[in-house]
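Colleague: Residue numbers (my numbering): 1 to 201.
Glycine included, C-beta positions come from ideal geometry on N, C-alpha and C.
Keep in mind it's a predicted model, so treat the numbers as computed, not measured.
Just dropping this structure here.
Pasting the structure below:
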């Protein structure tokens, strides 16, 4: 009899009493007191330096992207086929992430994407902000966004510094253009029934 993904989750998340913070972390509340923080403190970066997060399970998770056979087994959600299905779409993402690693960059993960070809056009006039907003939203949906909006820029939701694990964990400056006033926010729907099987492949 094989374990179901739900049973695997409950087994791996068990940490004493139910309701206790997992890995010692409380949920983060977003209110007026919320403050920006360093990228090194997000949960994915913590997996490279924080002893409260680093454990055999997180090591297997990261290793499974390059050596899926080390984590596969005869259980629903963990078979070689499941890992192949998960890792297939990551090929493009990982290829882009590796393009500028010699420059201490991990594009699309810890760093913004580097432009393949620098823009060759001048920014359009913004006299009609409503028309521009409509066009931006149309293009975002054309590219696959399920939700898109434009709102005021709030630096609290920008990392105070960037993170890199290359050559040992260290911080890098957060470089953004001066004078930012607005941001475009997009959301992409995910398959709930599939995502709830995490941490399976």
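(1) Please list the terminal residues of the continuous alpha helix (DSSP H) segment that includes residue 62.
(2) List the residues that DSSP assigns as beta-bridge partners of residue 151.
(3) When the Cα atoms are used, what is the spatial distance from residue 50 to residue 187?
(4) Terminal residues of the continuous beta strand (DSSP E) containing residue 86?
(5) May I have the straight-line CA-CA distance separating residue 159 from residue 103, to the nearest angstrom?
(6) Per DSSP, residue 48 is paired with what?
(7) Could you tell me the alpha carbon to alpha carbon distance between residue 150 and residue 137, rounded to whole angstroms?
(8) What are the boundary residues of the alpha helix (DSSP H) that includes residue 141?
(9) Under 8 Å Cβ to Cβ from residue 182, same chain only, skipping five residues before and after it: list those, please.
(10) Does DSSP put residue 163 in a helix, a strand or coil?
(11) Pair every Cβ in the segment 94-112 with every Cβ in the segment 70-80, then say whether three or more of these pairs are closer than 8 Å.
(12) Can you give me the C-alpha to C-alpha distance between residue 156 and residue 30, rounded to a whole angstrom?
(13) From the DSSP output, read off the bridge partner residues of residue 173.
(14) Would you report the Cα separation of residue 169 and residue 201, rounded to the nearest angstrom?
Modeller: With the structure as the only source:
(1) In the DSSP assignment, residue 62 falls within the alpha helix (DSSP H) that extends over 56-63.
(2) For residue 151, which the question treats as bridged, DSSP gives the partners 183.
(3) Residue 50 and residue 187 have their alpha carbons spaced roughly 29 Å apart.
(4) Premise fails: residue 86 lies in the alpha helix (DSSP H), 80-98, not in any beta strand (DSSP E).
(5) The straight-line gap separating the alpha-carbon atoms of residue 159 and residue 103 is approximately 20 Å.
(6) In the DSSP output, where bridge partners are listed per residue, residue 48 has none listed.
(7) A direct Cα-Cα distance of roughly 9 Å separates residue 150 from residue 137.
(8) Looking at the DSSP string, the run of the alpha helix (DSSP H) that includes residue 141 is 129-142.
(9) Apart from sequence neighbours up to five positions away, the residues of its chain that approach residue 182 with a beta-carbon distance below 8 Å are 150, 151, 152 and 153, ordered along the chain.
(10) Residue state, collapsed to three classes: strand.
(11) Touching, no.
(12) Approximately 10 Å between the Cα atoms of the pair.
(13) Note: residue 173 is bridge-paired with 161 in the DSSP secondary-structure output.
(14) Roughly 27 Å separates the two Cα atoms.
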